[in-house]
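Everything in the sequence shown is counted per the numbering used here, starting at 307 for the first residue and increasing by one. Note that beta-carbon positions come from the ideal geometry of N, C-alpha and C, so glycine has one too. To keep things clear, I will list the structure first and then write my remarks on it.
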Amino acid sequence: MRHVFVLFRTCMLSTLFALSVVQGCVDEGGGSDGETVSTQRRFIINGTKDTRHPAAGAIVFNGSPFCTATLIAKRVVLTAAHCVDPIKNFYSRVGDVFFRIDMPDSTQPDGYKEHLFKINTSLLFNHPNWNGDYVSGNDIAIVILEKEVTITPTIPYNVKALDQTLVGQKLLFLGYGYIQSVPTVIQAGRKYAADLPITSLSSLHLESYAPTQGICHGDSGGPVLMEVDGVLRVVAVNSYGVGNRAPGYPPRLECKGKGYSLRTDPYTRFLTPLLTKYGDIAPPCKTDQDCGSCAVCNTKSTCVYKPAVTSPKACLPC
């Protein structure tokens, strides 16, 4: 039997959280065609240790990474919506949540040093059409940090439409978590990377598959990176995977199946207004519609805020 899993790692917190965050740990139910649906994060299997991309970091609660994310502006972090759900529903009520960046440091035993940046839990933005149905898309979110990150360059997201020429190419996947799922779980606790071939491209998702490598529990929200017009960009955000269930506990996949990552280019009208408001750089655009209701696309193809409107007809502030 094949199973469908959101890329959300098995809950590593104590049973104190069970009743409050059951959906964030093991939310199982009947899927279509006999498939089981479960909300769990995913990590890189048979990847390599990565310190080349510090902007690809981890979302951390109680000292443990539970999702992956990317710094796309100095205060703006891109991740999956199902990674933000447990922050909204529980974590933010019992403690602080951080974005972790690992900077290369040859003086450290593991070759990097962790840096934590507090997430402003009042500024969490899931896509407005996100309803938990990750297969249908919209599994994308923005979180805002309390302070700017200045220790590493950001990685911008892609706004250029992808096409079928991408199928067959290998793209770079990054994530924190399991480096082995069977026969037993091994959690790395650090970032790993893998170049995975794109096997299919839909209007919303990239499908990836390699027989000996792949994303696994813990890589939710992590970036898929590719050079676009000479600039390394996030072209997709890891969302869910399919495959055979591994025996034993915790409930998980064997992580030998296909992974699905949500493309960023169909979601520019969600992302751009947030980057315009909270980011330190002007988001790219082609038309005013790309900038949302509070900004316009200028002659330099970047979004800028609209001039203040004093008309009494302007009832909602930007």
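Counting every other CB atom within 10 Å of its CB across the protein chains shown gives Gly-401 a total below 16, marking it as exposed. The beta carbon of Lys-355 sits closer than 7 Å to the beta carbons of Arg-496 and Tyr-498 from its chain, once the five residues preceding and following it are set aside; these are given in chain order. Between the alpha carbons of Leu-472 and Phe-576 lies a distance of about 24 Å. DSSP assignment within the region 366–410 yields the following whole beta strand (DSSP E) runs of 3 residues or more, N-terminal first: 370–377, 382–385 and 403–410. Annotation: Gly-438 to Leu-477 spans about 26 Å, alpha carbon to alpha carbon. Residue environment analysis places Gly-474 among the exposed positions, since fewer than 16 neighbouring C-beta atoms fall within 10 angstroms of its C-beta. In the DSSP assignment, Lys-583 falls within the unbroken alpha helix (DSSP H) covering 574–584.
In the structure shown, Tyr-515 adopts coil according to DSSP, grouped into three states. The alpha-carbon separation between Leu-510 and Thr-413 amounts to approximately 42 Å.
Fewer than three beta-carbon pairs drawn from the region 393–409 and the region 531–547 are found closer than 8 Å, and the two stretches are therefore not classed as touching. A distance below 7 Å between beta-carbons, with the five flanking residues on each side excluded, links Leu-468 to the following residues of its chain, in chain order: Leu-507, Val-541, Arg-569 and Asp-571.
By the beta-carbon neighbour count (other beta carbons within 10 angstroms, threshold 16), Asp-391 is buried. Only residues of its own chain outside the window of five on either side were considered, and among them Ala-379 and Val-382 have a CB closer than 6 Å to the CB of Gly-585, listed in chain order. Less than 8 Å separates the beta-carbon of Ser-607 from that of Cys-591. For His-421, the enclosing beta strand (DSSP E) covers residues 418–432.
In this chain, Cys-600 is not harboured by any beta strand (DSSP E), its DSSP state being neither H nor E.
When DSSP states are grouped into helix, strand and coil, Val-473 belongs to the coil group. Between the beta-carbon of Ser-526 and that of Thr-374 there is about 7 Å, and that keeps the pair under the 8 Å contact cut. In terms of Cα proximity to Ile-448, the closest of Thr-376, Gly-536, Met-532 and His-421 is Thr-376. Between the alpha carbons of Phe-423 and Tyr-463 lies a distance of about 20 Å. Val-610 carries a strand assignment under DSSP once its states are collapsed to helix, strand and coil.
Residue burial annotation: Val-530 is buried, with at least 16 other C-beta atoms found within 10 angstroms of its C-beta.
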